[in-house]
Amino acid sequence: MAEETVVVRASAKTRLRRRLRFLRTRVRELKMIGKALVSTKHPILVHVIPMRQCNLACTYCNEFDDFSKPVPQEEMKKRLDLLADMGTSIITISGGEPLMHPELDEVIRHMRRRGMIAGLITNGFYLNRERIERLNEAGLEHLQISIDNVVPDEVSKKSLKTLDGRLVMLSQYAEFQVNINSVLGSGVKDPEDALKIAHRAVQLGFTSTVGIIHDNNGQLKPLGQHEQEIFEEVMALGKRSFSRFNEFQHNVARGKEHNWRCRSGSRYLYICEDGLVHWCSQQRGYPGIPLAQYTPEMRLREYSTQKFCAARCTVSCVQQVGILDNWRDPQNLKPMPMTPPAAPQAELVQIGQVRGDS
Ligand code: SF4
Ligand code: SF4
Numbered sequence: 011m012a013e014e015t016v017v018v019r020a021s022a023k024t025r026l027r028r029r030l031r032f033l034r035t036r037v038r039e040l041k042m043i044g045k046a047l048v049s050t051k052h053p054i055l056v057h058v059i060p061m062r063q064c065n066l067a068c069t070y071c072n073e074f075d076d077f078s079k080p081v082p083q084e085e086m087k088k089r090l091d092l093l094a095d096m097g098t099s100i101i102t103i104s105g106g107e108p109l110m111h112p113e114l115d116e117v118i119r120h121m122r123r124r125g126m127i128a129g130l131i132t133n134g135f136y137l138n139r140e141r142i143e144r145l146n147e148a149g150l151e152h153l154q155i156s157i158d159n160v161v162p163d164e165v166s167k168k169s170l171k172t173l174d175g176r177l178v179m180l181s182q183y184a185e186f187q188v189n190i191n192s193v194l195g196s197g198v199k200d201p202e203d204a205l206k207i208a209h210r211a212v213q214l215g216f217t218s219t220v221g222i223i224h225d226n227n228g229q230l231k232p233l234g235q236h237e238q239e240i241f242e243e244v245m246a247l248g249k250r251s252f253s254r255f256n257e258f259q260h261n262v263a264r265g266k267e268h269n270w271r272c273r274s275g276s277r278y279l280y281i282c283e284d285g286l287v288h289w290c291s292q293q294r295g296y297p298g299i300p301l302a303q304y305t306p307e308m309r310l311r312e313y314s315t316q317k318f319c320a321a322r323c324t325v326s327c328v329q330q331v332g333i334l335d336n337w338r339d340p341q342n343l344k345p346m347p348m349t350p351p352a353a354p355q356a357e358l359v360q361i362g363q364v365r366g367d368s
């Protein structure tokens, strides 16, 4: 029997606990949407980086190194407290590879203690039964793994072949929701892989989304006809996911510019390992201000700032956050780096559509 056909049913106890956690998280998500519609003054989603180092080296990725140390747990907690005090609804831990952080469970526990929805993006290589059960116990609510191909190649080792055993373990032991993101675009050899990955995700009871890589100097480029057909098929398979509401991804697939209001720096924040606030992973350096010095006035300014990269943006999570505010408050300010004179100027990184989201 081929490895990818293995399906192991979770125990009745795990299924019950999974169901209860799903319902609790869904109630919290509905509250999050209600709060976001009533007020524009708090961040809806924040990505934090506790670990820049990664155990892999995908050739398209600009978000990892092979040397940096984990951010100390106490420092992570301080950052989470600042975000909780701002009224942040959801925190997603990203990297690098966050599972390399030795105290990640305590970081997740702190997020939950402070009332925020807890998510994790990982390449999955460190998952085993014991680690999954620790994540259950810490209170994790969402986990996402991106899988780039069916068989590892020189671009990426994040393959169905290398990860399938870990996916089976997740289907058996995880009490949190699991999403598998498959990938299409110019860096991917065989577009059919995305479909195989999405089918496997659904077979194991996970949600499935599809991401698009553009590595041609950041230019938005339409997918080919065959890739577009696969894209639509994977989107249809992922119908349990929030992304089905998102016209943005269809525009990206067709290479069409889109008209929206990016609220990064305000409703979405990216906090790097040095504790600086950035618009997003692909626009590091704007505004590049330490989180502890990031005031409500600065967030308000970014809320009203038109982002020069919006029309060709492929960062889907920020777009999904944007849906909650696209209908109101046109943006009329120009970007302005706001690093205070005393703080070191963060290196500006504008990388277009190169991607590295584990
Ligand atoms: S790349 Fe996209 S998410 Fe990032 S700042 Fe630009 S428009 Fe916003
Ligand atoms: S894409 Fe993810 S797994 Fe690959 S090198 Fe970047 S951070 Fe590591």
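The sequence shown finishes on residue 368 if you use this note's numbering, and the numbering steps up by one all the way, no holes.
Every residue gets a Cβ at the ideal spot worked out from N, C-alpha and C, and that includes glycine.
(1) Report back the beta-carbon spacing between residue 90 and residue 124 to the nearest angstrom; my notes put them in contact at under 8 Å.
(2) State whether the segment 231-245 contacts the segment 167-187, with contact taken as three or more CB pairs (one from each stretch) at a distance under 8 Å.
(3) Do you know offhand how far residue 330's Cα is from residue 77's?
(4) From what residue to what residue does the alpha helix (DSSP H) around residue 288 run?
(5) Provide the residue span of the alpha helix (DSSP H) that contains residue 341, from first to last.
(6) Heavy atom of ligand 1 less than 7 Å from the Cβ of residue 212, yes or no?
(7) Can you tell me whether DSSP reads residue 268 as helix, strand or coil?
(8) Do residue 116 and ligand 2 come close, with the Cβ less than 7 Å from some heavy atom?
(9) Could you check whether the Cβ of residue 243 sits closer than 7 Å to any heavy atom belonging to ligand 2?
(10) When you measure from the CB of residue 104 to every non-hydrogen atom of ligand 1, does any distance come out below 7 Å?
(11) Are the Cβ atoms of residue 315 and residue 341 separated by less than 8 Å?
(12) Distance, Cα to Cα, residue 161 vs residue 261?
(13) Just tell me which of 97, 317 and 23 has its CA closest to the CA of residue 46.
(14) Which residues end up in the neighbourhood of ligand 1 when you take C-beta atoms closer than 6 Å to any of its heavy atoms?
(15) Looking at C-beta atoms only, is the number of pairs between the segment 191-206 and the segment 304-314 that lie closer than 8 Å three or more?
(16) Would a check of beta-carbon distances place residue 168 closer than 8 Å to chain B?
(17) Express the C-alpha separation of residue 280 and residue 114 in angstroms, rounding to a whole number.
(18) Please go through the same chain and pick out, in chain order, the residues whose beta-carbon is closer than 6 Å to the beta-carbon of residue 31, but skip the five residues on each side of it.
(19) Which term fits residue 75, buried or exposed, when burial requires 16 or more other beta carbons within 10 angstroms of its beta carbon?
(20) Give the DSSP-derived three-state secondary structure of residue 28 in the structure shown.
(21) Please return the same chain residues whose Cβ sits closer than 6 Å to the Cβ of residue 284, not counting the five positions on each side in sequence.
(22) Pull up the CB-CB distance for residue 129 and residue 102, whole angstroms please, since I reckon it's below 8 Å.
(23) If you draw a straight line from the alpha carbon of residue 66 to that of residue 34, how long is it in whole angstroms?
(24) In whole angstroms, what separates the C-alpha of residue 25 from that of residue 145?
(25) With a Cβ-Cβ cutoff of 8 Å, do residue 153 and residue 178 count as a contact?
(26) From the DSSP secondary-structure annotation, give me the bridge partner or partners of residue 159.
(27) Cutting at 7 Å between CB atoms, please list the residues of its own chain near residue 194, excluding the five before and the five after it.
(28) Quick one: what's residue 279 bridged to in DSSP?
This is what the structure holds:
(1) 6 Å
(2) no
(3) 33 Å
(4) No alpha helix (DSSP H) contains residue 288, which is instead part of the beta strand (DSSP E) from 286-288.
(5) Unbroken run through residue 341: none, as it is neither H nor E.
(6) no
(7) coil
(8) no
(9) no
(10) no
(11) yes
(12) 29 Å
(13) 97
(14) 272, 274, 289, 290, 292, 293, 317, 319, 320, 323, 325 and 328
(15) no
(16) Among the protein chains of the structure shown there is no chain B, as only one such chain exists.
(17) 18 Å
(18) 185
(19) exposed
(20) helix
(21) none
(22) 4 Å
(23) 34 Å
(24) 16 Å
(25) no
(26) 169
(27) 201, 204, 220, 222, 233, 237, 240 and 241
(28) 56
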